[in-house]
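There are 2 protein chains.
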Amino acid sequence: MVMELVQLYRAFADATRLRILCVLQDGPLCVCHFQTVLAEPQVKISKHLGYLRERGLVVASRRGNWVIYALPPERARSTELEANLACLADCVKTDAEFKRDRARLKKLDVACSPVAGKRDAEAACGCAEAG
Amino acid sequence: MVMELVQLYRAFADATRLRILCVLQDGPLCVCHFQTVLAEPQVKISKHLGYLRERGLVVASRRGNWVIYALPPERARSTELEANLACLADCVKTDAEFKRDRARLKKLDVACSPVAGKRDAEAACGCAEAG
DNA sequence: AAAGCATATTCCGCAAGCGGAATACGCTTT
DNA sequence: AAAGCGTATTCCGCTTGCGGAATATGCTTT
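Chains A and B are the protein sequences, given in the same order.
Under our numbering, think of the first position of the first sequence as 3, with each following residue one higher.
Under our numbering, think of the first position of the second sequence as 3, with each following residue one higher.
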């Protein structure tokens, strides 16, 4: 039981993964968008997503060429994950890098989904090259 | 700024250190007592305390032969540390290993300090061999 | 000063994890 | 079937970190 917590903290112990998890709290996203939002190379993104997926911190689903990542459905999240995600979201509120990520994310929102607020996975990925 | 958070999570990403931090939330403790409470060898304890000290997650003070470790004074704690300590405390409430640690800690309480509730660092270390 | 106790450090072998380059895979379009 | 796109994997060199044994340090007692 302690080990699960340790695993969780290990997963959080990387800047790229933190950024991924933060972004995902706003809704699902496909890999190509992560590349844009985080401004990091494909390999890096893909590997970290793989890492998170292996450990159950995110779930993936394929839709044509795109793979969409999301946080696990709320009911499937451990209380520890839930608590730490909330804690994380709180901790990064004022962080410059996360703000930048969010800004780029919003741009995608505007370009991709007419739906105000939460993005729709399908819509979001139907315009991978837009913007 | 992100890196500080990452450092924090790295520090949390070890079972022994988690246990140390949990125990410390009940008050300061000297190394010999950690050995008893966590039931781990001296080197292991000392190294992890060193790790935490280097990164500012705990502070140390010498008193004769003993070295007493404590969480930094509340005002000196970053909001991130504070938040994550709280989150941690919440996450481990029902954990078996932490309960055992706590039980052993309480035994020390009884043996060392007549003061009900919080331990006093000095009193706690005046009886390193008791019990 | 010598011995004793509590704590810290060094040395070692080992495993995990990161980033990048190249390459492989899966699906879709032509 | 061939080409193209998005994503995943493998290989590699490198750094970090763990645990244990032995040893060193600092303070205290005799």
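Cβ atoms here follow ideal geometry from the backbone N, Cα and C, with glycine treated the same way.
Quick caveat, the model's predicted, so the values are computed rather than measured.
Test item: CB-CB of Phe14/A and Tyr11/B under 8 Å: yes
Backbone CA spacing between Leu104/A and Val69/A [nearest angstrom]: The residue you asked about is not Leu; residue 104/A is Arg in the sequence shown. C-alpha separation (whole angstroms): 21 Å.
Classification of Arg21/B by the beta-carbon crowding that lies within 10 angstroms, buried from 16 upward: buried
Short CB-CB distance (under 8 Å) between Cys34/B and chain A: Contact of Cys34/B with chain A is not assigned, every C-beta pair being separated by 8 Å or more.
As assigned by DSSP and simplified to three states, the class of Ser63/B: strand
Exposed unless 16 or more other CB atoms sit within 10 angstroms - verdict on Met3/A: Classification for Met3/A: exposed.
For Met5/A and Ala17/B, believed in contact at Cβ under 8 Å, the rounded distance: With a beta-carbon spacing of about 7 Å, Ala17/B and Met5/A fall inside the 8 Å limit used to define contacts.
Closer than 8 Å to chain A by CB, Leu137/B: For residue 137/B there is no data in the structure shown, the boundaries of chain B being 3 and 133.
C-alpha distance - Glu134/A paired with Phe36/A, whole-angstrom precision: There is simply no residue 134/A to check, as chain A begins at 3 and stops at 133 in what is shown.
Near-chain A residues of the stretch 14-33 of chain B - C-beta to any C-beta below 7 Å: Phe14, Ala15, Asp16, Ala17, Leu20
Neighbouring residues, chain A, relative to Asp92/B (Cβ below 7 Å): Ala85
Backbone CA spacing between Arg55/A and Glu82/A [nearest angstrom]: 17 Å
Nearest-angstrom Cα separation, counted from Val25/B out to Ala85/A: 20 Å
For Tyr53/B, the residue or residues it bridges with in DSSP: Answer by DSSP bridge pairing: none, since Tyr53/B is not bridged.
Closest by C-alpha distance to Leu110/A, when choosing among Leu59/A, Val94/A, Leu31/A: Leu31/A
Closer than 8 Å to chain A by CB, Arg104/B: no
Span separating the alpha-carbon of Phe100/A from that of Lys108/B: 42 Å
Cross-strand partners of Leu31/B (DSSP beta bridge): Tyr71/B
Nearest-angstrom Cα separation, counted from Asn67/A out to Cys89/B: 39 Å
Short CB-CB distance (under 8 Å) between Val45/B and chain A: no
Buried or exposed by the 16-neighbour rule on C-beta atoms within 10 Å, applied to Arg19/B: buried
Alpha-carbon spacing of Gln27/A relative to Arg64/B, whole angstroms: One C-alpha to the other measures close to 45 Å.
Beta-carbon neighbours of Tyr11/A, restricted to chain B and to distances below 7 Å: Tyr11, Phe14, Ala15
Any chain A beta carbon closer than 8 Å to Val39/B: no
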